[in-house]
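**Student:**
Numbering (the working numbering), first residue to last: 11 to 376.
(1) Do the CB positions of residue 214 and residue 250 come within less than 8 angstroms of each other?
(2) Between the stretch 316-324 and the stretch 112-121, do three or more beta carbon pairs fall short of 8 angstroms?
(3) Could you give the distance in angstroms between the alpha-carbon of residue 66 and the alpha-carbon of residue 37?
(4) Which value, in whole angstroms, describes the spacing of the CA atoms of residue 71 and residue 157?
(5) Determine the direct distance from the alpha carbon of residue 101 to that of residue 11, and round the result to whole angstroms.
(6) Under 8 angstroms: do the stretch 145-162 and the stretch 273-286 share three or more Cβ pairs, one atom per stretch?
(7) In terms of DSSP beta bridges, what is residue 41 paired with?
(8) How about the stretch 210-230 and the stretch 250-269: do they share at least three Cβ pairs that are nearer than 8 angstroms?
(9) If contact is defined by three or more beta carbon pairs under 8 angstroms, each pair taking one atom from either stretch, is the stretch 298-309 in contact with the stretch 336-351?
(10) Since residue 217 is in the alpha helix (DSSP H), which residue starts that stretch and which ends it?
(11) Quick one: what's got a C-beta closer than 8 angstroms to residue 56's C-beta in the same chain, skipping five residues either side?
(12) Within the stretch 68-111, note down every full alpha helix (DSSP H) run reaching 4 residues or more, in order along the chain.
(13) With residue 295 as the anchor, note down where its alpha helix (DSSP H) starts and where it stops.
(14) Pick out whichever of 35, 181, 345, 141 has its Cα sitting closest to the Cα of residue 76.
(15) Just checking, does the stretch 85-103 make contact with the stretch 120-139 on the three C-beta pairs under 8 angstroms criterion?
(16) Under three-state DSSP, which class holds residue 29?
(17) Using 10 angstroms around the beta-carbon of residue 125, count the other beta-carbons present and answer buried if the total reaches 16, otherwise exposed.
(18) Taking Cβ to Cβ, would you say residue 346 is nearer than 8 angstroms to residue 333?
(19) Take residue 303 and list the residues in its own chain whose beta-carbon comes closer than 8 angstroms to its own, dropping the five residues that flank it on each side.
(20) Per DSSP, residue 307 is paired with what?
(21) Would residue 354 be called buried (16 or more neighbouring beta carbons within 10 Å of its own) or exposed?
(22) Please report the residue range of the alpha helix (DSSP H) in which residue 326 lies.
(23) Express the C-alpha separation of residue 60 and residue 45 in angstroms, rounding to a whole number.
(24) Nearest CA to the CA of residue 384: which residue from 329, 287, 130?
(25) Assuming residue 279 is part of the alpha helix (DSSP H), what are its boundary residues?
(26) By the three-class DSSP mapping on this structure, what secondary structure does residue 57 have?
(27) Please name the residue or residues paired with residue 334 in a DSSP beta bridge.
(28) Cβ of residue 292 within 8 angstroms of Cβ of residue 330?
(29) Would you mind reading off the limits of the alpha helix (DSSP H) that contains residue 181?
(30) Just grab the DSSP bridge partners of residue 256 for me.
(31) On the criterion of 16 or more Cβ atoms from any shown chain inside 10 Å, does residue 314 qualify as buried, or is it exposed?
(32) Are the CB atoms of residue 366 and residue 93 within a distance shorter than 8 angstroms?
(33) Who are the near neighbours of residue 361 in its chain, counting only those whose CB is closer than 8 angstroms to its CB and skipping five residues on each side?
(34) For the alpha helix (DSSP H) holding residue 138, just list the boundary residues, first then last.
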């Protein structure tokens, strides 16, 4: 693999970054003079700036080697951002997210301009995917002026698709070999640990699983799963997410919840963000299946079926969608409000990710 990495830039005629620091000297000088240093770049040892994201302009030449960070510097930058800066507690979580998101976008910008090899892109992208999934859940109940879930989903899917595209290219290069073992060997040469706590890991199975769970309304991730190698498809957690997606397509929501209990913290939180949509669909299905003017289904049963946090949450959701609910839910298909918007996502009491720090989420593997 080392020969492939060494010859990559020669074959592709790519620019190689020469900036030795997390932030180019020109940017450091400008931002210090203009007082544009972020509070999270102020440390007990002085300023520690990280290159910020800049939108490309027609008149700007961004492909300047001294302004671009090489792979080792980018790797150290991602490590610093996600494993050190993220531990700061002197700012709101939404402020932390905005800062980390901006600096990670700058990392991806440097990666794109230099056209880094697939193996290096995988290492840098995987922790970013975990970052976006983690904060998507932790910030789901924040106001829109502090956190934009649509933009977060956009960045998440960009990273996932880029990651999987790199995997596909590597698979083609490794055709006829043990794909997974070959990939693990390649990543081990890029300073990636799959075991040590407190270090970034790179887990393809996790990303494949997240791709399915973050796109439950899209059938393409299922086609992708079916076209994966047998060695990858037989991994239990990936097979589990596939079965959850199939149950969703069949409208078997109760089976979905049963299977969901076996998900890891990240995949479970990804599914929970989809809960409001699934709960609305489920209540609509139940309104047709148990349509009655008098008979009711106990609220506790509906809570267990549809993964609501509490009986009160069931009553509130049913009332919102036009159904009567006291001790039991009176399902009536004529009363159900199809045109009502979905309720906003809420944190689920079973979500283990609520009790995990970002560092914990970044280091575990499936």
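Cβ atoms here follow ideal geometry from the backbone N, Cα and C, with glycine treated the same way. Please read all numbers here as calculations on a predicted model, not as lab measurements.
**Tutor:** On the basis of the coordinates in this document:
(1) By one-based count along the chain shown, residue 214 stands at place 204. By one-based count along the chain shown, residue 250 stands at place 240. No; because the gap between Cβ atoms is not below 8 angstroms, this pair is not in contact.
(2) Contact fails: fewer than three Cβ-Cβ distances are below 8 angstroms.
(3) Indexing the chain shown from 1 puts residue 66 at position 56. Indexing the chain shown from 1 puts residue 37 at position 27. In a straight line, the C-alpha of residue 66 is about 15 angstroms away from that of residue 37.
(4) Walking along the chain shown from the start, residue 71 turns up at place 61. Walking along the chain shown from the start, residue 157 turns up at place 147. A direct Cα-Cα distance of roughly 31 angstroms separates residue 71 from residue 157.
(5) Here residue 11 is taken as the residue at index 1 of the chain shown, counted from 1. Here residue 101 is taken as the residue at index 91 of the chain shown, counted from 1. With a pLDDT of 48 at residue 11, under the threshold of 50, the modelled position of this residue cannot be trusted; read the value that follows with caution. Approximately 42 angstroms, taken between the alpha carbons.
(6) By the Cβ criterion, the stretch 145-162 is in contact with the stretch 273-286, since at least three pairs of Cβ atoms, one from each stretch, lie closer than 8 angstroms.
(7) The count along the chain shown starts at 1 and reaches residue 41 at position 31. The secondary-structure analysis by DSSP pairs residue 41 with nothing; it has no beta-bridge partner.
(8) Yes: the two stretches touch, three or more of their Cβ pairs being nearer than 8 angstroms.
(9) In the pairwise beta carbon analysis, the stretch 336-351 is classified as touching the stretch 298-309: at least three pairs are separated by under 8 angstroms.
(10) For the purposes of this step, residue 217 is taken as residue 207 along the chain shown, with counting starting at 1. Element bounds for residue 217: 214-223.
(11) What you label residue 56 is simply residue 46 of the chain shown in a count that begins at 1. Within the same chain, no residue comes within 8 angstroms of residue 56 by CB-CB distance, once the 5 residues on both sides are set aside.
(12) Whole alpha helix (DSSP H) segments, 4+ residues: 81-93.
(13) The count along the chain shown starts at 1 and reaches residue 295 at position 285. Segment 285-299, the alpha helix (DSSP H) holding residue 295.
(14) For the purposes of this step, residue 76 is taken as the residue at position 66 of the chain shown. It is 35 whose Cα lies nearest to the Cα of residue 76.
(15) In short, these stretches touch, since the Cβ pair count reaches three.
(16) The count along the chain shown starts at 1 and reaches residue 29 at position 19. In this structure, residue 29 counts as strand in the three-state DSSP scheme.
(17) Numbered from 1 along the chain shown, position 115 holds the residue referred to as residue 125. Residue 125 is exposed by the Cβ-count criterion.
(18) Residue mapping note: residue 346 aligns to position 336 of the chain shown, counting from 1. Residue mapping note: residue 333 aligns to position 323 of the chain shown, counting from 1. Yes.
(19) Taking the chain shown and counting its residues from 1, one reaches residue 303 at position 293. Answer for residue 303: 340, 342, listed in chain order.
(20) Reading the chain shown from its first residue, position 297 is the one you call residue 307. Residue pairing for residue 307: DSSP places it in a beta bridge opposite 339.
(21) The count along the chain shown starts at 1 and reaches residue 354 at position 344. Note on residue 354: under 16 other CB atoms within 10 angstroms of its CB, so exposed under the neighbour-count rule.
(22) Position 316 of the chain shown holds residue 326. Here the alpha helix (DSSP H) through residue 326 covers 321-330.
(23) In the chain shown, counting from the first residue as 1, residue 45 sits at position 35. In the chain shown, counting from the first residue as 1, residue 60 sits at position 50. Distance between the alpha carbons of residue 45 and residue 60: 15 angstroms.
(24) The requested residue 384 does not occur in the structure, where the chain is confined to residues 11 to 376.
(25) To locate residue 279, count along the chain shown from 1; it is residue 269. In the DSSP assignment, residue 279 falls within the unbroken alpha helix (DSSP H) covering 275-282.
(26) Within the chain shown, residue 57 is the residue found at index 47, counting from 1. Residue state, collapsed to three classes: strand.
(27) Taking the first residue of the chain shown as 1, we reach residue 334 at position 324. Residue pairing for residue 334: DSSP places it in a beta bridge opposite 340.
(28) Mapped onto the chain shown, residue 292 falls at position 282. Mapped onto the chain shown, residue 330 falls at position 320. No.
(29) Indexing the chain shown from 1 puts residue 181 at position 171. Annotation: the continuous alpha helix (DSSP H) that includes residue 181 extends over 159-183.
(30) If you number the chain shown from 1, residue 256 lands on position 246. Paired residue(s): none; residue 256 is not in a bridge.
(31) Along the chain shown, read from residue 1 onward, the residue named residue 314 stands at position 304. Here residue 314 is exposed: its Cβ has fewer than 16 other Cβ atoms, across all protein chains shown, within 10 Å.
(32) For this step, residue 93 is matched to residue 83 along the chain shown. For this step, residue 366 is matched to residue 356 along the chain shown. No.
(33) Residue numbering aside, residue 361 sits at position 351 when the chain shown is read from its first letter. Non-local C-beta neighbours of residue 361 in its own chain, meaning closer than 8 angstroms and more than five positions away in sequence, comprise 147, 275, 278, 279, 282, ordered along the chain.
(34) As a first step, residue 138 is located in the chain shown; it is residue number 128 there, counting from the start. Unbroken alpha helix (DSSP H) run through residue 138: 128-148.
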